[in-house]
Structure formats: C-alpha cells, structure tokens
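Here's the structure we're looking at; comments come further down.
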Amino acid sequence: MAFFNILIFPGFVFLGAYALVLAFLDRKLYARLQNRQGPPWFQPLADFLKLLGKETVIPVDADKKMFVFLPVLALAAVTTSYLYIPLWGTSSLYPFEGDLIVILYLLTLPTLCFFLGGWYSTSVYATLGSVRVLTQLFSYEVPLFMALLTPALLAGTWSLSGITQYYAAHPLYILINIPALIVAVISCQGKLERVPFDLPEAETEIVSGAFVEYSGRLYAIFRMAIDSELVVVCSLIAAVFLPFYTGVAIADFGLYLVKTIAILFIFALFRSVMARIRIEQMVAFCWKILTPLALIQLIVNLVLKGVLA
Amino acid sequence: MKKRPGVVAGYAMKQLFRKPATIKYPQGDLVIEHNYRGKLSYNPANCIGCNLCVRDCPADALEIINVGTKENKAFECHLSLGHCVFCGQCVDSCKKGCLALTPNIELAGLKKADFKMKL
Amino acid sequence: MNSKRITIPMGPQHPSLKEPSCFTITLEGEKVVNAVVGVGYNHRGLEKASEMRTYIQDLYIIERVCGICSHTHSTAFCQAIEELAGVVIPPRAAYIRVIMAELERLHSHLLWLGIAGHEIGFDTLLMYSWRDREQVLDILAMLGGNRVNYGINTLGGVRRDLEPHMVDDIRQVLNYLEEQDKYYIDLALRETTLAARLGGVGRLSHEDAIKYGAVGPVARSSGVHTDTRVDEPYAAYSEMPVNVITDNHCDVFGRTVVRVLEIMDSIGIIRYALENIPDGEIKVNMPRKIPAGEMLSRTEAPRGEDVHYVRSNGTDKPDRVRVRAASEANWHGMAHMLEGDYLADVPIIIAAIDPCYSCTDRAFVLSDGNGGEQVWDWQRLRQYSLDFYRKRGVDASKLKIAKQ
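Chains as they are written, first to last, in the numbering used here: chain H, 1 to 309; chain C, 310 to 428; chain P, 429 to 832.
Here it is as structure tokens:
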C-alpha cells in the first residue's frame with residue numbers, strides 16, 4: 001500500500017499528471033487574461049515528451065555527476081513533500097508532529113538544486129542566474145516561513161494535519177490569518193520563480209539563468225520539478241489557509257481540486273499584471289514590506305493565543 | 310498620481326470574457342482585404358512581350374518567354390515565388406493590364422522547386 | 429583583469445535582441461561598469477544594391493531598409509529624386525504620404541510599447557499593445573496592400589488612392605486607438621512595477637543628448653526640441669498641426685511617455701489630414717532618367733530623423749545612395765546610457781532607443797591613402813577576430829566544443 005501511495009497515488013504519477021494539468025490551466029488562463037487563444041490541453045505533456053526525446057548536452061567544464069544528479073534530487077524532494085499534505089479529509093497519509101517543517105525544508109531543496117545546477121554548469125549566464133536564485137531565496141524564505149508558521153502557532157501544533165483539523169473545527173479563525181495568506185501568496189511567487197519575481201530565469205536578461213546549460217531529459221526533469229512545485233505550493237496554501245471540508249473523502253478531494261485551481265487563478269493573475277522587478281527592489285520589498293507584515297501577524301497570533309487560552 | 314501595483318488587473322479580468330483576439334490559424338477564418346498584394350496572376354491575351362515588367366522587377370523574379378514563333382507570338386510568364394517581394398511594381402508597369410495581384414497569400418511549400426512556376 | 433569583474437557577451441544571439449548584435453558588458457556584481465556596443469552583424473549591402481539598379485527598382489530596396497519605418501525611408505528617397513528631377517507631387521499625394529507616415533508612427537510606437545513590456549517581463553502589455561497594433565496594420569494593408577512594406581510611394585506621387593469607404597474604417601480604428609492609448613498613458617503613470625523598472629535607468633542628460641547627436645524620441649525625452657516634421661516640413665506637414673512632444677525625465681520612463689503621447693498626437697494629425705485632404709491627381713509622370721545632381725533629404729521616422737543622400741549622373745541608375753537610419757544616430761550614446769545601471773536594465777535600455785540593427789549596418793574600407801587595396805585571407809580574418817575578442821576579455825581560441 002505504501003508503495004502504491006508513493007508511486008501512483010497521491011505520489012509520483014498523480015502529482016506528475018496534476019502538475020501537467022495545472023501547468024496547462026496556468027498557461028491557458030495567462031493566455032485568456034492576455035486576450036489570446038492559449039495552448040491546447042495536451043501542450044504541457046507534448047512539451048515534456050519533446051524534451052525527453054531531445055539530445056542531452058553536458059558542458060565539458062561542468063561537474064558531470066552533480067549536473068545529472070541535481071534535477072533528479074529536485075524532483076524527488078518535491079514529490080516527497082507532496083506525501084505529507086492532506087488531500088482529502090483533514091489528515092495526510094503519514095502525519096507526524098513537525099511535518100510542516102519537513103515540507104518547507106523539502107520545498108527549499110529544489111531551489112538549492114537550481115542554484116547548484118547553475119553553479120556546476122560553469123556558464124556565465126548560469127552563474128549569474130544561480131547567484132540570483134540564492135539572493136532571492138534569502139529574501140522570500142523568511143516571510144514565507146513566518147506566514148506559514150503563524151497559523152500553526154495559533155493552532156498550537158507543528159503538524160499540518162493538526163493545523164487543518166484545528167481550523168476545520170474553528171473555521172472563523174482563518175479570517176485572522178488573511179494577512180499571512182497575502183504574504184504567503186506573494187512570497188510563493190518568489191519560490192516558484194514567477195513574474196514579478198522571476199529574476200533567476202529572466203529570459204530577456206540572462207537567457208534562462210541557472211537552466212541555460214540544461215537540455216533534453218535533464219531539463220525535462222527540472223521542468224517537471226518546477227511544475228510539481230506549483231502543485232505542492234498550491235496544495236500547501238489550500239491546506240493551511242483554506243480548511244473547508246465536508247467529511248466525505250471524494251467530495252473533499254473535489255474540494256481540494258477546486259481550492260488549488262482557485263489559488264492557481266490568483267497566481268496566474270499575479271503573473272499577468274506585473275512587470276519583473278530588479279533584484280535589489282525584490283530584496284528591499286521582501287525585507288521592508290513582507291517581513292514586517294508577517295511579523296505583525298506573528299504578534300497578533302501570539303496575543304490571540306494568550307487571549308483564546 | 311497615486312501609484313499601485315497591478316493596475317491592469319481589472320482590465321485583464323475583462324479579457325477573460327472577451328473573444329480572443331487571435332485565431333487558431335489554419336482553422337480560423339482569416340480576413341484578407343480584396344486588394345491585398347498576394348500571388349501574381351497573368352493573362353497572356355494582351356501581352357505584347359515588351360518586358361517592361363521584367364525590367365522594373367526589383368527582385369528579378371519575373372520572366373516573360375516567347376514560346377511561339379517570331380511571327381506568331383505566344384507568351385508565358387515564369388515567376389519565382391522565392392524571389393518575389395510582392396511589391397506589385399510589375400502590375401503598375403504593365404501598359405496592357407496583363408498582370409494583376411490576387412489576395413492569395415497561402416503560398417508556403419515544402420520543396421524549393423514548388424516556388425518556380427509558370428503563371 | 430580585475431577578478432571581481434566579469435565580462436559577459438550579450439549577443440550576437442540573445443533572447444532580448446531581435447537582431448544580431450553584440451554588447452560586451454563588464455559587470456561588477458550586477459552593475460555595468462563598461463559596455464562596448466558591437467553592431468555590424470547584419471550588413472546587407474543595401475547601398476551598393478541600390479546603385480546597381482534603376483530608380484524604380486531602388487524604391488523597393490530602400491523601402492526594405494527598415495521593416496517598421498519603411499514608409500519614411502521610401503518617402504525620403506522619393507523626395508530626393510523628385511527634387512532632382514524638378515517634379516512637384518500633387519497635394520493629394522502629399523496628404524496620403526502624411527497619413528501613411530502617421531499610421532506607421534502609430535504602429536511603430538505600439539510595437540515599441542509591447543517590446544518594452546516584454547523586455548521587463550510584462551508580457552501582458554506586449555499582448556495588448558500588439559493586439560491594438562494589429563488594427564493599424566489592417567488599415568495599412570487596406571490602404572497600401574501590404575502589412576509592413578506598404579509600397580504606396582512611387583516616384584512622383586503615390587500608387588494607391590484613398591477611397592471614401594476607407595476613411596470611415598480609419599476613423600473607427602482611430603477612435604478605438606485613442607481610447608486604448610488613454611489607457612496606456614494611465615497605465616504608464618500609475619503602475620508601480622513599470623515605474624520601478626523604467627524610472628531612472630538609461631539616463632541621457634540634455635547636454636549628452638546633444639553631444640551624442642541623439643534624434644527622435646530619445647532626444648525629445650531629454651528635452652531637446654527636435655522634430656524634422658516641424659524643423660523642415662516635408663510632404664504636407666507644413667499644413668499639419670504637429671506638436672513636438674518633449675519630456676524632462678531624461679530616462680527610459682521619459683522615452684515611454686514621449687512615445688505614448690506621440691500616439692495621441694499622430695491620431696490628431698491623421699484626423700486633420702482625413703478632414704482636409706484635397707481632391708485631385710495622386711501621381712505625376714516622372715522621367716526614367718534623372719538629371720545629374722546631388723540631393724540630401726530628411727524625414728522624421730518613428731525612431732528619429734532619417735537622412736538620405738542621392739547623387740545622380742543623368743542615367744536611370746543612381747551614382748551614390750547613402751542611407752542614415754535613425755538608430756544609427758542613437759547608437760553613439762548607448763555605451764554612456766548603459767554604464768552605471770544594472771544588468772537587468774541592459775535589455776530595456778537597448779530597447780528604449782527602439783534600435784534597428786540591420787538598418788544601421790554599413791561597410792566601409794579604410795584605405796592607406798595611396799589607393800592601395802587590402803585583401804585579407806581567411807587566416808588573417810580569423811586572427812583579427814580572435815584578437816578583437818581577446819582585447820575584450822573573451823578568449824575564443826581556447827573554446828572547447830563538447831564531443832559526443
């Protein structure tokens with residue numbers, strides 16, 4: 001059963017398929033917001049298969065082992081983190097105290113893989129891109145962690161399943177967490193490297209940053225990791241901030257799909273209404289606006305915790 | 310003026326309910342003006358073989374060949390689509406009105422030989 | 429070489445460059461400390477080709493100097509030859525030339541707005557402005573027969589007349605564009621991320637704009653009051669209500685403002701021209717052989733001032749044709765604009781002059797003064813290119829290519 005869970009559902013295969021669906025919806029929504037037709041439904045799958053069939057070129061100066069290993073590690077980390085997120089009902093498959101921390105840690109791994117992948121490919125553009133990946137990581141990670149951990153503070157548990165159960169029992173409390181939700185959604189744009197924070201792969205500036213030397217199968221795996229990360233982040237936000245459940249497993253699963261797609265819509269809207277900002281503007285924005293906002297939320301939740309207790 | 314991020318959001322949301330401005334090209338309905346400069350057409354009936362069109366063609370795409378005899382002339386027009394720049398100068402130069410431009414723009418071909426044609 | 433500095437070649441192939449050119453950029457962190465502009469990858473031999481063909485054939489070569497400002501180039505060329513032949517074009521033809529030129533300005537500025545959006549990652553702006561530009565292109569196709577190289581100019585007038593039913597279509601599109609442009613002006617002034625990316629980058633002060641000889645919107649956004657349409661009216665511009673739009677931001681934001689406001693101004697000019705267009709002939713006959721002489725002709729392209737020089741020798745072929753496209757004048761200040769800004773700003777600064785690479789590329793030969801001709805063989809050319817890049821910090825001779 002565990003084997004089925006890890007490989008088929010809700011693990012590797014389902015995550016991959018859902019990642020392609022969300023990638024399609026993202027592109028279609030982006031296109032329609034721009035008054036375009038957009039791609040057909042199979043486009044992400046076609047892109048993925050095409051990349052798989054392409055030649056994989058490894059630069060001579062690159063560290064071969066790391067170059068091949070990093071995309072796989074990124075995808076593995078994302079897939080693992082998905083197992084700890086509740087999809088139907090209020091409990092994930094293997095809940096334990098502190099799994100929220102593990103998910104956040106596992107979600108940081110792909111970013112590190114992007115950095116190392118760029119670094120090991122020894123190209124100028126890739127190096128610049130990886131430096132940006134790291135700079136960006138230090139800016140959005142703090143507000144993102146604070147925003148996701150403050151609801152946990154109120155719930156009094158570090159377990160994601162515990163948090164969802166707490167908020168499912170007290171649905172009105174989620175209104176308190178709205179500033180944290182805003183901070184989380186904005187800093188997730190940085191985590192997912194999407195406009196306005198897509199500096200690490202800024203196509204018109206540094207070609208595609210850390211991924212510039214990647215091609216063929218290895219790039220396909222990287223793309224899959226990025227698409228899967230989108231699913232995981234949407235699911236994480238849905239689990240922490242939108243704990244609405246019916247109690248029936250199938251209905252809850254349907255509700256989960258609706259929630260993730262709603263969050264995706266906000267992400268797509270974000271992506272289409274803004275310009276990419278510069279790295280120093282991004283750092284300033286994250287530290288001067290997002291972090292104080294998350295801090296205020298933290299203080300509010302601490303006080304409320306005392307009042308409610 | 311008060312600045313804020315995401316000014317386009319409202320306008321972008323409106324676009325969701327509008328018909329897309331692009332068409333799915335091979336299937337969609339492509340609107341072409343009737344006077345669009347597309348592929349050349351040639352009517353040999355009035356042609357006197359003066360070669361004014363050939364002289365004025367900036368791309369050397371045209372060729373008027375006499376396939377008949379010296380007394381009984383019959384002309385053929387050979388066009389190299391790969392060279393033609395669709396300027397329509399040959400149409401303006403022709404005193405007899407033998408040449409005309411059609412709005413046919415779907416001229417892509419797979420072989421280079423397809424582009425050399427007899428009109 | 430300073431170890432803290434890295435040199436990156438932007439180009440000849442780069443996603444932000446629409447045509448090949450190489451900007452060798454030396455960075456300190458993300459700051460540009462030195463920039464070398466390398467154009468010349470796109471030499472097409474236009475001038476020589478024109479000298480080998482007749483005037484009528486040249487018309488279509490000159491029109492293809494630039495894909496976007498094709499009409500202004502051919503207008504400048506036609507004017508020079510009409511002046512040499514002593515021909516005055518009918519007033520209706522002059523009006524049609526103005527209408528085409530202003531429609532071209534509309535589509536060029538809308539295109540630029542989209543490119544600028546794309547360079548700073550604002551693809552939605554690109555899609556919207558190109559969607560609106562499509563309306564202008566449809567109008568141009570209706571008037572001229574083609575979407576970009578309209579081929580409406582001919583020696584001695586224009587080739588196609590403005591039909592009454594077209595006027596209504598043009599007015600409709602103008603109304604739509606006016607509304608859209610108001611929205612873009614509002615957007616440029618109110619969107620935070622746009623202001624953050626465009627404001628203060630690519631600075632070119634008023635003095636520098638004059639020093640480097642900037643033209644067009646680049647000069648006007650630095651407060652230089654220059655516009656060939658007003659300074660030296662051609663075609664029917666002496667009768668048109670042309671406003672010279674200047675701005676004092678002296679940066680990319682200023683260039684954006686100038687361009688979106690110029691769209692409004694152009695709409696006004698087209699409306700005026702449609703209202704007051706005189707009836708009559710659209711073309712007068714021109715001789716095939718042009719009397720000997722030389723002529724300099726200037727027009728205002730969307731990107732700035734185009735200068736054409738034609739020398740004739742009494743035959744039906746020109747003796748010498750020289751084209752100075754607007755971008756050529758704006759390249760000189762480029763290195764100055766790039767220095768001191770961030771790497772992230774390089775694409776938008778380059779895009780802000782609305783560069784046209786193949787329009788500018790001309791070949792010239794340095795002779796030793798004794799009439800000696802230099803012939804370089806392949807080895808010498810290769811050595812020259814290796815040395816050229818080594819001086820700029822790129823060692824191409826040691827480049828290894830991965831083996832399969």
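Where a beta carbon is used, it is the ideal one built from N, C-alpha and C, also for glycine.
{"Asked": "Cβ of P329 (chain C) within 7 Å of any chain H Cβ", "Found": "yes"}
{"Asked": "Euclidean distance between Cα positions of D99 (chain H) and S81 (chain H)", "Found": "9 Å"}
{"Asked": "Nearest-angstrom Cα separation, counted from P314 (chain C) out to M274 (chain H)", "Found": "7 Å"}
{"Asked": "Residues in the stretch 604 to 615 of chain P having any Cβ partner in chain C nearer than 9 Å", "Found": "Y611, D614, L615"}
{"Asked": "CB contact below 7 Å: M438 (chain P) versus chain H", "Found": "no"}
{"Asked": "Identity of the residues DSSP links to R472 (chain P) by a beta bridge", "Found": "DSSP output for R472 (chain P) lists no bridge partner at all."}
{"Asked": "Boundaries (first-last residue) of the beta strand (DSSP E) holding D747 (chain P)", "Found": "746 to 752"}
{"Asked": "Cutoff 7 Å: S272 (chain H) Cβ touching any chain A Cβ", "Found": "As a matter of chain content, chain A is missing from the structure shown, whose protein chains are H, C and P."}
{"Asked": "6 Å Cβ shell around K28 (chain H) - same chain, five flanking residues per side excluded", "Found": "G38"}
{"Asked": "Which of helix, strand or coil DSSP assigns to F384 (chain C)", "Found": "strand"}
{"Asked": "Cut-off 7 Å between Cβ atoms - residues of its own chain near A314 (chain H), not counting five sequence neighbours on either side", "Found": "Residue coverage of chain H in this structure runs from 1 to 309, which leaves residue 314 (chain H) outside it and unanswerable."}
{"Asked": "Where I778 (chain P) sits in the DSSP three-state scheme", "Found": "helix"}
{"Asked": "Proximal residues of chain C, C-beta to C-beta of E510 (chain P) below 8 Å", "Found": "Those within 8 Å of E510 (chain P) in chain C number zero; the least Cβ separation is about 17 Å."}
{"Asked": "Residues near E547 (chain P) in its chain [Cβ-Cβ closer than 7 Å; skip 5 each side]", "Found": "S444, P775, I776, A779"}
{"Asked": "Where the stretch 35 to 60 of chain H meets chain C: residues whose CB sits under 8 Å from a CB there", "Found": "N35, R36, Q37, G38"}
{"Asked": "Contact the stretch 69 to 84 of chain H vs the stretch 223 to 231 of chain H: 3+ CB pairs below 8 Å", "Found": "yes"}
{"Asked": "Partner residues on chain H for L339 (chain C), Cβ-Cβ distance less than 8 Å", "Found": "Per Cβ cutoff of 8 Å: no residues; L339 (chain C) is ~14 Å from chain H at best."}
{"Asked": "Endpoints, beta strand (DSSP E) assigned at T654 (chain P)", "Found": "That residue, T654 (chain P), is in no beta strand (DSSP E); it is neither H nor E in DSSP."}
{"Asked": "Buried versus exposed, by CB contacts within 10 Å (16 or more), L602 (chain P)", "Found": "buried"}
{"Asked": "Closest by C-alpha distance to H653 (chain P), when choosing among P:H634, P:A754, P:T620, P:P661", "Found": "P:H634"}
{"Asked": "Per DSSP, the bridge partner or partners of G585 (chain P)", "Found": "P:T582, P:K711"}
{"Asked": "DSSP state of M426 (chain C) mapped onto helix, strand, coil", "Found": "strand"}
{"Asked": "Member of C:C399, C:Q336, C:S389, C:N413 whose CA lies at the smallest distance from the CA of A422 (chain C)", "Found": "C:S389"}
{"Asked": "Residues that D63 (chain H) contacts on chain P, provided the C-beta gap is smaller than 7 Å", "Found": "Chain P residues near D63 (chain H): none, gap ~14 Å exceeds 7 Å."}
{"Asked": "Amino acids of chain H, ordered along the chain, whose beta-carbon sits closer than 9 Å to that of Q681 (chain P)", "Found": "Just to set this straight, residue 681 (chain P) is Phe in the shown sequence, not Gln. Neighbours of F681 (chain P) on chain H: none; closest Cβ ~12 Å, over 9 Å."}
{"Asked": "Test: I777 (chain P) CB closer than 7 Å to a CB of chain C", "Found": "no"}
{"Asked": "C-alpha distance - L455 (chain P) paired with R433 (chain P), whole-angstrom precision", "Found": "5 Å"}
{"Asked": "Coarse secondary structure for C787 (chain P), derived from DSSP in three states", "Found": "helix"}
{"Asked": "Minimum Cβ-Cβ distance from Y351 (chain C) to chain P less than 7 Å", "Found": "no"}
{"Asked": "Residue-level contact to chain P via CB, Y334 (chain C), 7 Å cutoff", "Found": "no"}
{"Asked": "For P746 (chain P) and C393 (chain C), the rounded distance between their alpha carbons", "Found": "23 Å"}
{"Asked": "Straight-line gap, T435 (chain P) to F24 (chain H) (C-alpha atoms, nearest Å)", "Found": "38 Å"}
{"Asked": "S478 (chain P) and P730 (chain P) closer than 7 Å at C-beta", "Found": "no"}
{"Asked": "Buried or exposed (CB count within 10 angstroms, at least 16 for buried), P40 (chain H)", "Found": "exposed"}
{"Asked": "Rounded separation between E385 (chain C) and Y640 (chain P) - CA only", "Found": "56 Å"}
{"Asked": "Residue burial classification, Q485 (chain P) (beta-carbon count within 10 angstroms, cutoff 16)", "Found": "buried"}
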